[in-house]
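Asks: In my numbering, the protein residues as written are 2 to 136. Here's a structure for you.
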């Protein structure tokens with residue numbers, strides 16, 4: 002069984018207007034941004050920024066034609082769940098239990114280290130991460 006403990010983040014896509022998006026959220030709306038906690042390789046390849054709220058984050062991901070996510074997507078071709086596009090990420094009590102549960106229910110997924118990605122029935126990407134409060 003899966004025990005979702007809380008939402009981790011939601012991600013929205015931006016085309017080639019990433020600078021305008023940052024200006025809108027930071028300067029116009031006054032949203033606090035934080036350093037992205039992702040591997041250096043992905044940070045250099047994938048443009049974007051993270052907004053921090055008291056109850057979670059919203060990640061803005063650059064997805065324009067010139068965006069480097071195209072390089073990453075080749076590695077993920079044919080897999081369910083697109084971690085580089087719009088998605089919702091949940092913290093879970095036990096990431097190993099999530100993998101077993103999805104497999105037992107015939108749900109396609111793929112795992113990248115401590116992250117599991119799948120899609121809901123309409124194709125929306127769903128991400129699962131181990132909740133650090135349950136380690």
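Think of the CB as a built atom: it goes at the ideal place given N, C-alpha and C, for glycine as much as any other residue. Here the structure is a predicted model, which means the values were calculated and not measured.
Going by Cα to Cα distance, which pick from 132, 105, 94, 110 is closest to residue 3?
Replies: Minimum Cα distance to residue 3 is reached at 94.
Asks: Please confirm whether any heavy atom of the ligand MG lies closer than 8 Å to the CB of residue 39.
Replies: This structure simply doesn't include the ligand MG, nor any ligand for that matter.
Asks: Beta-carbon separation of residue 87 and residue 123 under 9 Å?
Replies: No, these two residues do not count as a Cβ contact at 9 Å.
Asks: By the DSSP assignment, the alpha helix (DSSP H) with residue 104 in it spans what residues?
Replies: Looking at the DSSP string, the run of the alpha helix (DSSP H) that includes residue 104 is 96-105.
Asks: Would you mind reading off the limits of the beta strand (DSSP E) that contains residue 7?
Replies: Segment 5-15, the beta strand (DSSP E) holding residue 7.
Asks: Indicate whether residue 117 and residue 134 have their beta-carbon atoms separated by less than 9 Å.
Replies: No, these two residues do not count as a Cβ contact at 9 Å.
Asks: Using the rule of at least 16 other Cβ atoms within 10 Å of the residue's Cβ for burial, across every protein chain shown, is residue 115 buried or exposed?
Replies: With fewer than 16 other Cβ atoms within 10 Å, it is exposed.
Asks: When DSSP labels each residue in this structure, what does residue 22 get in the three-state scheme?
Replies: Three-state DSSP puts residue 22 in a helix.
Asks: According to the Cβ coordinates, are residue 121 and residue 6 closer than 9 Å?
Replies: No, these two residues do not count as a Cβ contact at 9 Å.
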